[in-house]
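Take a look at the structure set out below.
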Amino acid sequence: TDDANRRAEESHRLDAAYDPLRPNVVQGGEFHKASMLLLRRALAFLRRGDTEQALEQVGEAENLDPEYWEIHRVRGFIMSSVGRVEEATAAYLRAIELAPDSEASAAVKYFYAGHLTRAAQNPSEAVVVVREAHSVLGAARTAVELGRALTYVGEYGAAEDTLTEALEADDVRTRLIAVTQLVECLKRRAESELSVDRQPDLALSTLVGAVERARGDPAARARAHLSQPGGRARPTERASLGLRCRTAAAW
């Protein structure tokens with residue numbers, strides 16, 4: 084109905100103003116309005132697990148508006164979500180090529196970096212891409228994505244600094260993701276200090292710091308009530324790593 088469409092449009096407008104880097108936010112303005120609607124439908128189908136219908140909506144949008152960069156960004160997001168890595172990579176690169184300005188390009192690079200880190204398993208390239216995005220947007224979400232990529236390449240100090248910056252976000256959910264990733268960073272750092280550097284005392288200190296971070300941030304305490312993937316060490320993991328640290332220190 085018209086009322087339902089108006090409510091959906093208003094909800095999307097508020098999402099775009101509050102958190103423009105949410106996957107369901109499609110940029111483009113009045114000129115791309117019909118295609119934007121199709122892309123939002125595509126993302127709704129993806130959330131319901133209907134990849135075929137999602138890609139069909141993207142195809143319809145491309146027939147209407149082939150040079151619209153968000154079509155390729157959304158296609159990349161869908162392809163990455165279902166493990167079609169090469170097709171996702173090609174779509175993201177096309178979106179970056181078509182993006183009309185530095186901010187639009189940076190937003191695509193934010194999503195592309197997430198794809199590189201998780202689906203393509205290329206965090207080194209992701210660091211380069213998301214640094215470019217963060218230099219333009221300076222957003223908490225880009226800081227989290229940069230911190231995640233830095234963690235996976237073992238640049239723990241830089242990752243910790245970047246994720247700490249993201250803890251200042253106004254959005255509770257973004258703070259939750261940031262503190263969760265920060266604890267994961269510290270856990271990985273402790274593993275490295277124990278297994279590679281052979282410094283069990285330092286590893287134990289890092290692990291204690293990770294636990295304190297998790298306990299001290301209200302967003303982290305909300306972690307149990309949300310289904311955000313990834314995250315901090317489970318209690319059994321923390322206990323196992325702590326025991327290894329203490330045992331190594333004793334020797």
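Residue numbers (this note's numbering): 84 to 334. Glycine included, every Cβ here is placed at the ideal spot set by N, Cα and C. Predicted model only: the values in this text are computed from it and were never measured.
- Unbroken alpha helix (DSSP H) stretches of 4 residues or longer found wholly inside the segment 129-210: 134-147, 152-164, 168-181, 185-201, given in chain order.
- Contact check for residue 210 and residue 236: beta-carbon distance about 6 Å, within the 8 Å limit, so the pair qualifies.
- One Cα belongs to residue 268, the other to residue 164, and the distance between them is close to 24 Å.
- Between the alpha carbons of residue 270 and residue 222 lies a distance of about 25 Å.
- For the pair residue 123 and residue 158, the Cα-to-Cα distance works out to about 12 Å.
- Annotation: the continuous alpha helix (DSSP H) that includes residue 255 extends over 255-278.
- Restricting attention to 152, 104, 138, the CA atom closest to the CA of residue 114 is found in 152.
- Rounded to the nearest whole angstrom, the CA to CA distance from residue 282 to residue 239 is 16 Å.
- It is roughly 26 Å from the alpha-carbon of residue 127 to the alpha-carbon of residue 231.
- Taken through DSSP and simplified to helix, strand or coil, residue 109 comes out as coil.
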